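Novice: Each residue of the sequence shown is one higher than the last, beginning at 122 in the numbering used here. We put the beta carbon where it would ideally sit given N, CA and C, even for glycine. These numbers come from a predicted model, not from an experiment. The following block contains the structure, expressed as structure tokens.
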Amino acid sequence: MIVEWCAANAVSEKASELEALGHLVYAYDAIEYPCLDHCDLCVQTPYLLVDGVIWVDDEPDALFRRVVSQFKKEQDEFNDD
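Next comes the structure, spelled out in structure tokens:
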């Protein structure tokens with residue numbers, strides 16, 4: 122799982138906070154970029170790019186709960202194989 126976000130997006134502050142606390146260890150890669158070229162979306166709402174797919178939510182916390190949930194689901198599927 123690759124989780125990416127734009128430094129200018131509202132999610133950036135929360136991502137940096139979670140990263141500092143070590144909570145993004147759930148992701149294979151967690152990467153902050155200066156820009157992801159989704160400027161129209163970036164000014165409107167918090168979003169993450171997860172494995173190349175845009176995830177949007179009004180609340181940054183909700184986005185990261187989804188990331189953790191998806192990661193756990195993928196790990197469970199991997200462990201079942």
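(1) For Pro155, I'd like the list of residues in its chain whose CB is within less than 6 Å of its CB, leaving aside the five on either flank, ordered along the chain.
(2) If you reduce the DSSP assignment to three classes, tell me which class Ala136 lands in.
(3) State buried or exposed for Asn130, treating a residue as buried only when at least 16 other CB atoms are found within 10 Å of its CB.
(4) How is Glu195 classed by DSSP in three states: helix, strand or coil?
(5) Bridge partners for Glu125 per DSSP, in chain order?
(6) Going straight from the alpha carbon of Leu139 to that of Phe185, what length do you get?
Specialist: Well, looking at it:
(1) For this step, residue 155 is matched to residue 34 along the sequence shown. Apart from sequence neighbours up to five positions away, the residues of its chain that approach Pro155 with a beta-carbon distance below 6 Å are Ala128, ordered along the chain.
(2) The sequence position of residue 136 within the sequence shown is 15, counting from 1. Ala136 falls in the helix class under three-state DSSP.
(3) Position 9 of the sequence shown holds residue 130. When all chains shown are included, Asn130 counts as buried.
(4) Counting from one through the sequence shown, the residue named residue 195 turns up at place 74. The answer is helix: DSSP assigns Glu195 an H, G or I state.
(5) Stepping through the sequence shown from its first residue, residue 125 is reached at position 4. Residue pairing by DSSP places Glu125 opposite Ile152, Leu170 in a beta bridge.
(6) The count along the sequence shown starts at 1 and reaches residue 139 at position 18. The count along the sequence shown starts at 1 and reaches residue 185 at position 64. When rounded, the distance between both Cα atoms is 9 Å.
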